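Just below is one structure, and these are the notes that go with it.
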Amino acid sequence: MSSCLVLEGGGKRGIYTAGVLDVLLENNIITDAVIGVSAGAIHGCSYVSRQIGRSIRYNLKYNDDYRFMSLKSWVKTGNLVDTDFAYHELPEKLDVFDYKAFNDSPTKFYVTCTNLQTGKAEYILCPTMDGKYMDYLRASASLPFVSKIVKVDNLELLDGGLSDSIPLQKAIDLGFNKNIVIQTRPAGYVKKPFRFGWLAKLIYGKHPQFIKALTNRHIMYNQELDFIASQQKEGSAFVIRPSQLIKVGRMETNPEIIKQMYELGRNDALQNLAGIKKYLHLKD
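By this note's numbering, the letter at position 222 of the sequence shown is numbered 718, and the numbering carries on one by one without gaps.
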């Protein structure tokens, strides 16, 4: 038996995932792997390094800092999230990421990025969060239109959610047969078609496959929801998703809403704790 956490993105909605992950860590539920997408990858790396509470702590502390995520940052740097602040100053000085614990962890960590040349997903196994692997993490969470293209290992990359929003199939392909899927949308959500194809052609005209991925994302996403539902019905996947709708903007700045979403993640995880242990064949 091998287990994997499959973590959806969603901007500030991803703090829900952080709440779930903290409860898993508090109960010593450690999977063999994590496959994270965008915000899911951002919070997933702190799960691998076993840093309970880190995500909600720095999200609340630096929520008002324009470098954390804002249009001001985009205007000044070309990135909605300031690269130096979020991927260097924050993890290296302000709320230190435990690089050694991550490196020593037996949990494999994959980040999902979208390749602009192919329009397909790249799944990067990260043995460390140093150097280029931090760039892969950054690429996974770099939203189109408001982020510069991230270039790593001769690849041009952006947000992984555009090509594989909830990579359960990839987890299965990698050989993991006990998969816990953490979504950031409640049951019943259906993604609508992309409305800004004209803008995509204007900005990413040199990357037709990427434009195709953007245009067809709603089809991919809704098909993944159907696949997850079928796997859940068969008992082949355990799914945790928000049990109620909390309206959280992708760039949410209200600390009370952020805390509510985090606490919802914690509460939903606690409600599912017995089921998770049974699914993974863990003893109480």
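Yeah, the Cβ is synthetic: ideal placement off N, Cα and C, and Gly gets one too.
In this text, all values refer to a predicted model and were calculated from it rather than measured experimentally.
Taking Leu654 as the centre and dropping the five residues before and after it, the same chain places the C-beta of Cys609, Thr610, Leu612, Ala635, Ser638, Leu639, Pro640, Ser643, Ile645, Val646 and Phe706 closer than 8 Å to its C-beta, in chain order.
Residue pairing by DSSP places Ile678 opposite Leu503 and Ile736 in a beta bridge.
The C-beta distance from Lys687 to Ile531 rounds to 20 Å, too long to fall under 8 Å, and the pair is not in contact. The beta carbon of Thr603 lies closer than 7 Å to those of Ile526, Thr527, Asp528, Ala529, Val530 and Val544 in the same chain, with the five residues before and after it left out.
Taking C-beta atoms under 8 Å as the contact rule, Ile754 and Asn559 qualify, at a distance of about 7 Å.
If you draw a straight line from the Cα of Lys697 to the Cα of Pro704, it is about 8 Å long. The beta carbons of Arg713 and Leu658 sit about 6 Å from each other, so the pair counts as a contact at 8 Å.
According to the DSSP assignment, Gly532 belongs to the beta strand (DSSP E) that extends over Ala529 to Val533. Gly515 places its beta carbon less than 7 Å from that of Gly761.
Taking the Cα of Gly684 as reference, the smallest distance to any Cα among Phe672, Lys702 and Ile724 is reached at Ile724. When only Cα atoms are considered, Gln740 and Asn650 end up about 42 Å apart.
Judged by their CB atoms, Val744 and Arg509 are nearer to each other than the 7 Å cut-off. Nearest neighbour of Gly507 by Cα position, chosen from Asn523, Leu576 and Lys557, turns out to be Leu576. Beta-carbon to beta-carbon, Pro738 and Tyr562 are separated by about 28 Å, too far to satisfy the 8 Å threshold. DSSP places Phe605 in the uninterrupted beta strand (DSSP E) bounded by Lys604 to Asn611. Annotation for Asn599: Thr624 place their beta carbon closer than 6 Å to its own, counting only its chain and skipping 5 residues before and after. Between the alpha carbons of Ser499 and Leu778 lies a gap of roughly 12 Å.
In terms of Cα proximity to Asp722, the closest of Glu748, Ile772 and Ser661 is Ser661.
The alpha-carbon separation between Glu618 and Val502 amounts to approximately 15 Å. Beta-bridge analysis with DSSP links Ile620 to Val607. When Ile548, Tyr583, Pro689 and Met497 are compared, the shortest CA-CA separation from Gly627 is found for Tyr583. The three-state secondary structure of Asp655, taken from DSSP, is strand.
In this structure, Asn673 sits away from Ala733, with a CB-CB distance that is not shorter than 7 Å. Residue pairing of Lys697 in beta bridges, as defined by DSSP: absent, with no partner found.
When only Cα atoms are considered, Asn555 and Ile772 end up about 27 Å apart. Around the CB of Ile715, fewer than 16 other CB atoms lie within 10 Å, so the residue is classed as exposed. Between Glu522 and Gln679, the C-beta gap is not smaller than 7 Å, which leaves the two residues out of contact. For Lys729, the uninterrupted alpha helix (DSSP H) run begins and ends at Arg713 to Lys729, by DSSP. With a cutoff of 7 Å on beta-carbon distance, Leu621 and Tyr632 are scored as not near each other. Rounded to whole angstroms, the gap between the alpha carbons of Arg681 and Glu588 is 31 Å.
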